[in-house]
Amino acid sequence: MALLWFFQARREGKAAAKLDAQGGILVYVRYPDSRPGSLSGIWNMGVVTFDGTEGMKFQPAVYDTLEPSGRPTTFSGLAAVITEPRKIGQKDHKYITHQGFQAIRLTTDKEDIEVAARPTSLRRILDVIAGTPEPK
(Lines of atoms letter the chains of each structure in order from A and count residues from 1; the text may use other names and numbers.)
(Lines give C-alpha, C1' and ligand atoms only; values in the text may rest on other atoms or scores of the structure.)
Protein backbone atom coordinates (compact mmCIF):
# COMPACT_ATOMS: atom_id res chain seq x y z
CA MET A 1 0.00 0.00 0.00
CA ALA A 2 2.83 2.38 0.85
CA LEU A 3 4.43 1.64 -2.51
CA LEU A 4 1.24 2.65 -4.36
CA TRP A 5 1.05 5.86 -2.36
CA PHE A 6 4.70 6.61 -3.21
CA PHE A 7 4.15 6.24 -6.96
CA GLN A 8 0.95 8.31 -6.88
CA ALA A 9 2.66 11.07 -4.90
CA ARG A 10 5.57 11.05 -7.34
CA ARG A 11 3.24 11.32 -10.36
CA GLU A 12 1.31 14.17 -8.74
CA GLY A 13 4.58 15.95 -7.95
CA LYS A 14 5.72 15.71 -11.57
CA ALA A 15 2.34 16.97 -12.81
CA ALA A 16 2.43 19.88 -10.32
CA ALA A 17 5.92 20.88 -11.48
CA LYS A 18 4.77 20.77 -15.11
CA LEU A 19 1.73 22.94 -14.31
CA ASP A 20 3.78 25.47 -12.35
CA ALA A 21 6.13 25.85 -15.30
CA GLN A 22 3.15 26.51 -17.61
CA GLY A 23 1.22 28.70 -15.17
CA GLY A 24 -1.70 26.25 -14.99
CA ILE A 25 -3.81 24.92 -12.13
CA LEU A 26 -5.13 21.35 -11.89
CA VAL A 27 -8.91 21.49 -11.34
CA TYR A 28 -12.13 19.57 -11.81
CA VAL A 29 -15.10 21.47 -13.28
CA ARG A 30 -18.79 20.63 -13.47
CA TYR A 31 -22.11 22.36 -14.11
CA PRO A 32 -24.15 21.86 -10.91
CA ASP A 33 -27.45 23.09 -12.40
CA SER A 34 -27.45 20.61 -15.28
CA ARG A 35 -30.26 18.09 -15.57
CA PRO A 36 -29.95 14.91 -13.50
CA GLY A 37 -28.08 12.21 -15.42
CA SER A 38 -26.52 14.72 -17.80
CA LEU A 39 -22.82 14.35 -18.57
CA SER A 40 -22.43 18.04 -17.72
CA GLY A 41 -23.05 17.16 -14.07
CA ILE A 42 -19.96 14.95 -13.94
CA TRP A 43 -16.65 16.38 -12.73
CA ASN A 44 -14.19 16.86 -15.61
CA MET A 45 -10.46 17.02 -14.90
CA GLY A 46 -8.39 19.66 -16.63
CA VAL A 47 -6.05 22.60 -16.43
CA VAL A 48 -7.10 26.21 -15.82
CA THR A 49 -5.11 29.20 -17.02
CA PHE A 50 -5.91 32.89 -16.89
CA ASP A 51 -5.45 35.04 -19.98
CA GLY A 52 -5.61 38.55 -18.59
CA THR A 53 -9.09 39.99 -19.05
CA GLU A 54 -10.43 37.15 -21.21
CA GLY A 55 -11.36 35.06 -18.20
CA MET A 56 -10.59 31.54 -17.12
CA LYS A 57 -9.60 29.03 -19.81
CA PHE A 58 -10.34 25.37 -18.96
CA GLN A 59 -8.57 22.70 -21.03
CA PRO A 60 -9.95 19.21 -20.34
CA ALA A 61 -7.18 16.70 -19.69
CA VAL A 62 -6.85 12.99 -19.08
CA TYR A 63 -4.46 10.76 -17.19
CA ASP A 64 -1.89 11.84 -14.64
CA THR A 65 0.20 13.31 -17.47
CA LEU A 66 -2.58 15.88 -18.08
CA GLU A 67 -2.81 15.01 -21.77
CA PRO A 68 -5.16 17.59 -23.43
CA SER A 69 -8.52 16.14 -24.40
CA GLY A 70 -11.09 18.05 -26.40
CA ARG A 71 -11.39 21.76 -27.01
CA PRO A 72 -10.85 24.36 -24.29
CA THR A 73 -13.69 26.36 -22.76
CA THR A 74 -13.28 29.99 -21.73
CA PHE A 75 -15.40 31.17 -18.80
CA SER A 76 -15.85 34.93 -18.62
CA GLY A 77 -17.71 37.26 -16.31
CA LEU A 78 -16.53 35.27 -13.29
CA ALA A 79 -17.68 35.98 -9.76
CA ALA A 80 -17.57 33.81 -6.67
CA VAL A 81 -21.00 32.74 -5.42
CA ILE A 82 -19.53 31.19 -2.29
CA THR A 83 -15.93 32.04 -1.39
CA GLU A 84 -15.65 29.51 1.44
CA PRO A 85 -14.56 26.17 -0.05
CA ARG A 86 -16.58 23.08 0.81
CA LYS A 87 -15.27 19.58 1.29
CA ILE A 88 -15.78 17.11 -1.52
CA GLY A 89 -18.53 14.64 -0.67
CA GLN A 90 -18.31 10.87 -0.86
CA LYS A 91 -20.35 10.84 -4.08
CA ASP A 92 -17.90 13.24 -5.73
CA HIS A 93 -14.87 11.08 -4.86
CA LYS A 94 -16.05 8.75 -7.59
CA TYR A 95 -14.77 11.32 -10.11
CA ILE A 96 -12.27 13.38 -8.12
CA THR A 97 -9.46 10.96 -7.39
CA HIS A 98 -7.00 13.47 -5.92
CA GLN A 99 -6.92 13.77 -2.14
CA GLY A 100 -7.48 17.05 -0.30
CA PHE A 101 -9.53 18.77 -2.99
CA GLN A 102 -12.27 21.24 -2.07
CA ALA A 103 -14.90 22.97 -4.21
CA ILE A 104 -16.24 26.47 -4.76
CA ARG A 105 -19.15 27.68 -6.86
CA LEU A 106 -18.57 30.39 -9.45
CA THR A 107 -21.00 32.28 -11.60
CA THR A 108 -20.10 33.05 -15.21
CA ASP A 109 -21.77 35.12 -17.89
CA LYS A 110 -23.66 32.00 -19.02
CA GLU A 111 -24.23 29.70 -16.03
CA ASP A 112 -22.87 28.61 -12.68
CA ILE A 113 -19.97 26.18 -12.45
CA GLU A 114 -18.30 24.35 -9.59
CA VAL A 115 -14.52 24.17 -9.47
CA ALA A 116 -12.67 21.65 -7.30
CA ALA A 117 -8.96 21.97 -6.56
CA ARG A 118 -6.48 22.01 -3.70
CA PRO A 119 -7.14 24.83 -1.18
CA THR A 120 -4.07 26.82 -2.31
CA SER A 121 -5.20 26.56 -5.94
CA LEU A 122 -8.72 27.70 -5.06
CA ARG A 123 -7.22 30.70 -3.26
CA ARG A 124 -5.23 31.56 -6.42
CA ILE A 125 -8.39 31.34 -8.52
CA LEU A 126 -10.37 33.53 -6.10
CA ASP A 127 -7.52 36.08 -5.99
CA VAL A 128 -7.45 36.34 -9.79
CA ILE A 129 -11.24 36.72 -9.94
CA ALA A 130 -11.13 39.41 -7.25
CA GLY A 131 -8.50 41.30 -9.25
CA THR A 132 -5.53 40.59 -6.99
CA PRO A 133 -2.56 40.16 -9.32
CA GLU A 134 -0.97 36.72 -9.47
CA PRO A 135 2.63 36.61 -8.25
CA LYS A 136 5.08 36.00 -11.08
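Take the sequence shown: its position 105, counted from the start at 1, is 104 in numbering that gives the first Met the number 0, and no numbers get skipped.
In this text, a Cβ means the ideal position worked out from N, Cα and C, and glycines have one as well.
Item                                                                                     : Value
Reference D108, options I95, F100 and A79, closest by Cα                                 : A79
Residue nearest to V28 in terms of C-alpha spacing, selected from M55, Q98, T64 and R123 : M55
I124, enclosing beta strand (DSSP E) - first and last residue                            : Careful: I124 lies outside any beta strand (DSSP E), inside the alpha helix (DSSP H) at P118 to A129.
Proximity test, I87 beta-carbon vs the ligand GDP heavy atom, cut-off 7 Å                : This structure simply doesn't include the ligand GDP, nor any ligand for that matter.
Beta-ladder partner(s) of L25, from DSSP                                                 : V46
Straight-line gap, G99 to D50 (C-alpha atoms, nearest Å)                                 : 27 Å
Simplified DSSP assignment, three categories, for K90                                    : coil
Boundaries (first-last residue) of the beta strand (DSSP E) holding F57                  : M55 to V61
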